[in-house]
Amino acid sequence: MLLLVLLLVGFAVGLATVLFGFGGGFVTVPVITVVDAGLGGDAVRVAAASSALVMVVNALVATAATRRDVLDRLRGRHALLALLAVGGAAGALAGRFAPDALLRWGFVLYVGATVVDLVVRPGFLRPAVAGRMALPGRATGLPTALGLPIGTVSAFLGVGGSVMTVPLMRRAGAPMPVAAALANPLTAALAVPALVVALLARGASPAANGLVGGVDVRSAVALLAGSLPVVVLLRRRPPRIPDAVHAGGYVVLLVAAGATVAVVG
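The sequence shown begins at 2 in the working numbering and counts up one residue at a time.
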């Protein structure tokens, strides 16, 4: 029964990866927190580490299936990708030793603050100025210097970088499909080193069946089995969704993820 639930949730993870660029972080953290609730306070730590595995695979597959003209916007942004990777490793290592309450409520507060910002401040759900144009050429709206803090915070909480990168690109004029597509390679850049740290540095994570380092591999693989077919299919045949509805769905998913982790806590 649990396997079926994880496969169904994996389907939702695939949708989140393609439509919102999450790579799965905002879905997998709440779900694995529930699955591993028997670990007590360590559940959210294991969930954050396990989400890195799901994010890496989903983000890489989604990136491989993304149109080249979209990915060209990241050409020459090696410094940004490098800083994301450094931040991802640092955040994941810090998360291995952080108190569980800090990880859990940090996740909830992070999501809550983001939702308020997206709803109240113009530029995400509604244009900041009339007649906003899409990002031209290879622009992304992401300053290189932000790579380090984005990578660190994202890996520390296990949420992936899209919650920062997608709003920044939206406010620079990117439509949701472009922002979500570019969020996948950016997420992969920070999630790969975060995953390596999670596998090698147990830190305060418990010793339990099914864990490799701090990663619940069995749950992560089940989620991937449900998500990967969706990622491949929808990247090849993306659905056409009105931009306002697309952006609204992003906010709704953030609310659901934060509420789940808060309730489980």
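We put the CB at the ideal spot given by N, CA and C, even for glycine.
Taking the CA atoms as reference points, alanine 63 sits about 7 Å from threonine 18. In its chain, beyond the 5 residues on either side, Gly148, Ile151, Gly152, Gly162, Leu187, Ala190 and Leu191 have a beta carbon closer than 7 Å to the beta carbon of leucine 85. Using a 10 angstroms sphere on the CB of glycine 77, the tally of other CB atoms stays under 16, which defines it as exposed. By a beta-carbon distance limit of 8 Å, arginine 105 does not contact valine 47. Their separation comes to about 12 Å. Listed in chain order, the non-local C-beta contacts of glycine 41 below 6 Å within the same chain number zero, local neighbours out to five positions each way being set aside.
Judged by beta-carbon spacing, leucine 196 lies within the 7 Å limit of valine 57, meaning their Cβ atoms are closer than that value. Cα atoms of valine 231 and threonine 67: separation of roughly 14 Å, rounded to the nearest angstrom. Going by beta carbons, histidine 247 and methionine 170 fall outside the 7 Å limit. No residue range can be given for valine 160, since it is assigned to no alpha helix (DSSP H) and is classified by DSSP as neither H nor E.
Counting the other Cβ atoms within 10 Å of the Cβ of arginine 236 gives 16 or more, which makes it buried. In this structure, the CA atom of alanine 258 is about 31 Å from the CA atom of alanine 80. Sixteen is the threshold: when 16 or more other Cβ atoms of the shown chains lie within 10 Å of the Cβ of aspartate 37, as they do, the residue is buried.
Comparing C-alpha distances from phenylalanine 98 to each of Ile242, Leu75, Val10 and Val198 shows the shortest one belongs to Val198. Inclusion of glycine 22 and valine 167 in the CB contact set at 7 Å is warranted, their separation being smaller than that value.
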